Amino acid sequence: MDNRPIGLFDSGVGGLTVVKQVMKVLPHEETIYFGDTARVPYGAKTKETVTKFSEQIIRFLLTKDVKAIIIACNTASSNSYDELIRVFPDIPIFEVITAGVESCISATKNKRVGIIGTYATVRSAAYERGIKQRVPDMRVFTKACPLFVPLAEEGWTDNDIARLTAETYLDELLKNNVDTIVLGCTHYPLLKRCISGVVGESVTLVDPAKATAMKMKKFLEQNDMLNGGEEEKHTFYVSDHTPSFDFLCERLLKKKYTAEKTDIEKY
Ligand code: DGL
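For what it's worth, the numbering used here labels the leading residue of the sequence shown as 291, then goes sequentially.
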């Protein structure tokens, strides 16, 4: 038994889609979330910058005595994971790409899949590598959809602007006859209804969040690290107060939380 919290982080509200799945799959676990709202978006930044930001956040989470960490961000998972596990060998760190790769392979029937994510995630080619290693003849098509991130941060997840943006980005993937699209950015599930309306019901949308939460569950079970308490406790930190963080948090998690601001540059 280990009653310490699980730490999660992302550039902003996106990682809350992973918190939501952790709450479902591991209802007795305490969580501590950090949203880097002062420095969002990560997707247009270099690997070095994303890695530096992630290291600072992990140092902050370690001051909260977390027992394990989920990088609830595809950009940081795909660009920085190897470096993060090297710098922090004593804390179990989970990324979201492997779960996305595995879920995508199980979902596709025609072996033609699309990966959508930030510029940095697409540039890393982490999804293609993971998929091709397991299924070499899979056809993988990628598309960076950077504008989905500010739309999600603004709460514009299902209006005309979101729909036109989705149509413009996804047209090319659909022409390639993909039957599965991985939402390879944790902000994108916030636009799932809109994206689904654009791609149609015949295309399966894969959100790696649930499978990531399941991996964490398995790890905690195998290592006798589950929380033995019953009380639900979830704490949220941001690097800056934004007009939308608390509002979107409540909309997604169906409960009111107030995020506390912390000066991440200190870490
Ligand atoms: N939500 C993040 C991801 O999964 C980062 C988006 C961004 O800040 O550009 O990639």
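Even glycine gets a Cβ: it sits at the ideal position worked out from N, Cα and C. Only a predicted model underlies this, so the values are computations on that prediction, with no experimental measurement involved.
Whole angstroms is fine: what's the gap from D504's alpha carbon to I296's?
-> Strictly speaking, residue 504 in this sequence is Met, with Asp absent from that position. Going by the C-alpha atoms only, they are around 14 Å apart.
Can you list, in chain order, the residues of its chain whose CB lies under 7 Å from that of A434, leaving out five sequence neighbours each side?
-> G407, T408, Y409 and V412
Is G333 near the ligand DGL, with its Cβ less than 6 Å from a heavy atom?
-> yes
Range of the contiguous alpha helix (DSSP H) that encloses I395 | I387 to A397
Of the listed residues L464, Y478 and E521, nearest to G445 (C-alpha basis) = Y478
Sort out for me which residues DSSP pairs E550 with in a bridge.
-> Y527
For D300, three-class secondary structure by DSSP = strand
According to DSSP, which residues form a beta bridge with L374?
-> Paired residue(s): none; L374 is not in a bridge.
Measure the alpha-carbon distance for F431 versus I322 and round it to whole angstroms.
-> 35 Å
Buried or exposed: which applies to E319, given that a residue is buried once 16 or more other Cβ atoms fall within 10 Å of its Cβ?
-> buried
Does the Cβ of D530 lie closer than 6 Å to at least one heavy atom of the ligand DGL?
-> no
Quick one: which unbroken alpha helix (DSSP H) runs of 4-plus residues sit fully inside the stretch 458 to 522? Chain order, please.
-> 482 to 489 and 499 to 512
CB-CB length for I333 against P436, believed under 8 Å = The displayed chain sequence assigns Gly, not Ile, to residue 333. With a Cβ gap of about 6 Å, G333 and P436 count as contacting.
Count the C-beta pairs between the stretch 299 to 314 and the stretch 532 to 542 that are closer than 8 Å, then say yes if the count reaches three, no if not.
-> yes
Is A442 helix, strand or coil by DSSP?
-> helix
So I405 is in the alpha helix (DSSP H); what residue range does that whole segment cover?
-> Here I405 belongs to no alpha helix (DSSP H); instead the beta strand (DSSP E) covers R402 to G407.
I383 (DSSP reduced to helix, strand or coil) | strand
Do you know offhand how far G420's Cα is from P379's?
-> 23 Å
Mind checking D326: buried by the 16 CB within 10 Å criterion, or exposed?
-> buried
Helix, strand or coil: how does DSSP classify Y417 here?
-> helix
Going by the CB atoms, is the gap between L481 and F438 shorter than 7 Å?
-> yes
V430 - containing beta strand (DSSP E), residue span | R429 to A434
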